[in-house]
Amino acid sequence: MGEVWVRPMRLDDVGTVQRISADSFTDLEERLPVPAGAEAAGRDARRAADWVRRTSHLVATDPGGCWVAEDGDDVVGFAVSFTRELMWVLASYGVRPGRQGRGTGRVLLESALHHGRGCLRGMLASSPDPAAVRRYRLAGFDLHPAMLMAGVVDRSALPVVGRIREGSLTDTDLMDSVDRRTRGAAHGPDHEVLHATTARLLVVDRPTGQGYAYLRPSGEPALLAATTVAVARDLAWEALASAPADEPGTRIGHLTAANQWAIDVGLAAGLALHQRGYLALRRCRPPAPYLHHGSLL
């Protein structure tokens, strides 16, 4: 093994980096139980393709925030980060199994953090891995435990929800306005990749509140933001109602203590509550009403 050095990520690195990511993480935060065989393989392939598309998008928009670590010609780690307005976000970060604990992750994180040096706030979604959590805390992030609700929806509990419409990218201004009020920064160009990698976009635009939700095929909200708790509840219920009847289960993920409304919706729908990782923040409070995306936050 030679000396490890860090360089900017290129688009032709993304496929390799995706495989390192898949090898580095236990997918407790992302995977639903699915039958073995072709259906499971199809979901894994779609998730890998979405990861590549999302990361390629960030390499294009934020080349200064995306880094790889090399040992000779072998890529052994990566960090993908980006800035939106005055928010820095760590989208993905990992070191190849067997190469961890040697300082590679620390140097990668320092490189990514340098990209956000002009930002007021920072966000990342952390796995429960103790080494990663330690590194984020030492970097100045507050750690907010995150939860997950999963199970089969009790369809008899679903309420009738009105005044929710199908959204499109023409709603970007509305969604960016909601983002600024909830998390302190718009998603801006990320809406294009969010729209392309999810199954459905719901939008609420009422005199009493606005909000939106990107849904996965299972009905899970990949990202949900609203200006009022009432709107957030309606979007969550509509998401659960959209779960296909043949799904083995669905979930509401990335819940923080600031979003008790989502726990109430999940319990009323018959879902079980679990603890899953952390939302790590610098100089900001947990956004609410808001369920963050795992990578684009």
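At position 60 of the sequence shown (counting the first as 1) the number is 56 in my numbering, and the numbers step up by one without a gap.
Glycine included, every Cβ here is placed at the ideal spot set by N, Cα and C.
Since this is a predicted model, take the numbers as computed values, not measurements.
For residue i, the three-state DSSP class (helix, strand or coil)
i: residue 114; result: coil
i: residue 88; result: strand
i: residue 281; result: coil
i: residue 182; result: coil
i: residue 96; result: coil
i: residue 12; result: helix
i: residue 61; result: helix
i: residue 265; result: coil
i: residue 193; result: coil
i: residue 24; result: Model confidence at residue 24 stands at a pLDDT of 39, short of 50, so the residue's coordinates are unreliable; what they give is reported in the following sentence. Helix.
i: residue 5; result: coil
i: residue 138; result: strand
i: residue 252; result: coil
i: residue 126; result: helix
i: residue 286; result: strand
i: residue 55; result: helix
i: residue 204; result: coil
Beta carbon of residue i nearer than 7 angstroms to that of residue j
i: residue 154; j: residue 222; result: no
i: residue 107; j: residue 63; result: yes
i: residue 119; j: residue 293; result: yes
i: residue 0; j: residue 100; result: yes
i: residue 129; j: residue 161; result: no
i: residue 276; j: residue 122; result: yes
i: residue 157; j: residue 230; result: yes
i: residue 78; j: residue 58; result: yes
i: residue 87; j: residue 291; result: yes
Distance between residue j and residue i (C-alpha atoms, nearest Å)
i: residue 173; j: residue 205; result: 12 angstroms
i: residue 117; j: residue 177; result: 14 angstroms
i: residue 61; j: residue 217; result: 27 angstroms
i: residue 257; j: residue 182; result: 23 angstroms
i: residue 208; j: residue 163; result: 8 angstroms
i: residue 56; j: residue 165; result: 20 angstroms
i: residue 159; j: residue 202; result: 8 angstroms
i: residue 281; j: residue 83; result: 13 angstroms
i: residue 89; j: residue 167; result: 31 angstroms
i: residue 235; j: residue 255; result: 16 angstroms
i: residue 125; j: residue 228; result: 30 angstroms
i: residue 81; j: residue 115; result: 8 angstroms
i: residue 42; j: residue 259; result: 28 angstroms
i: residue 27; j: residue 47; result: Confidence at residue 27 is low in this model, with a pLDDT of 42, below 50, so its placement is unreliable and no value can be given for it.
i: residue 244; j: residue 50; result: 27 angstroms
i: residue 261; j: residue 248; result: 9 angstroms
i: residue 70; j: residue 40; result: 25 angstroms
Member of the options whose CA lies at the smallest distance from the CA of residue i
i: residue 2; options: 265, 65 and 291; result: 65
i: residue 104; options: 152, 12 and 4; result: 4
i: residue 111; options: 124, 122, 85 and 126; result: 85
i: residue 279; options: 180, 148 and 125; result: 180
i: residue 251; options: 41, 244 and 263; result: 263
i: residue 45; options: 124, 15 and 56; result: 15
i: residue 273; options: 79, 83 and 144; result: 144
i: residue 242; options: 56, 151 and 75; result: 151
i: residue 52; options: 168, 194, 260 and 189; result: 189
i: residue 211; options: 90, 288 and 201; result: 288
i: residue 10; options: 191, 54 and 142; result: 54
i: residue 283; options: 7, 197 and 175; result: 175
Assumed close pair residue i, residue j - CB separation to whole angstroms, cut-off 8 angstroms
i: residue 20; j: residue 92; result: 7 angstroms
i: residue 149; j: residue 268; result: Between residue 268 and residue 149 the Cβ distance is about 12 angstroms, and since that is not below 8 angstroms, they are no contact.
i: residue 220; j: residue 232; result: 7 angstroms
i: residue 224; j: residue 285; result: 7 angstroms
i: residue 95; j: residue 76; result: Not confirmed; about 18 angstroms, so no contact.
i: residue 146; j: residue 270; result: 7 angstroms
i: residue 213; j: residue 192; result: Not a contact, Cβ separation roughly 14 angstroms.
i: residue 102; j: residue 131; result: 7 angstroms
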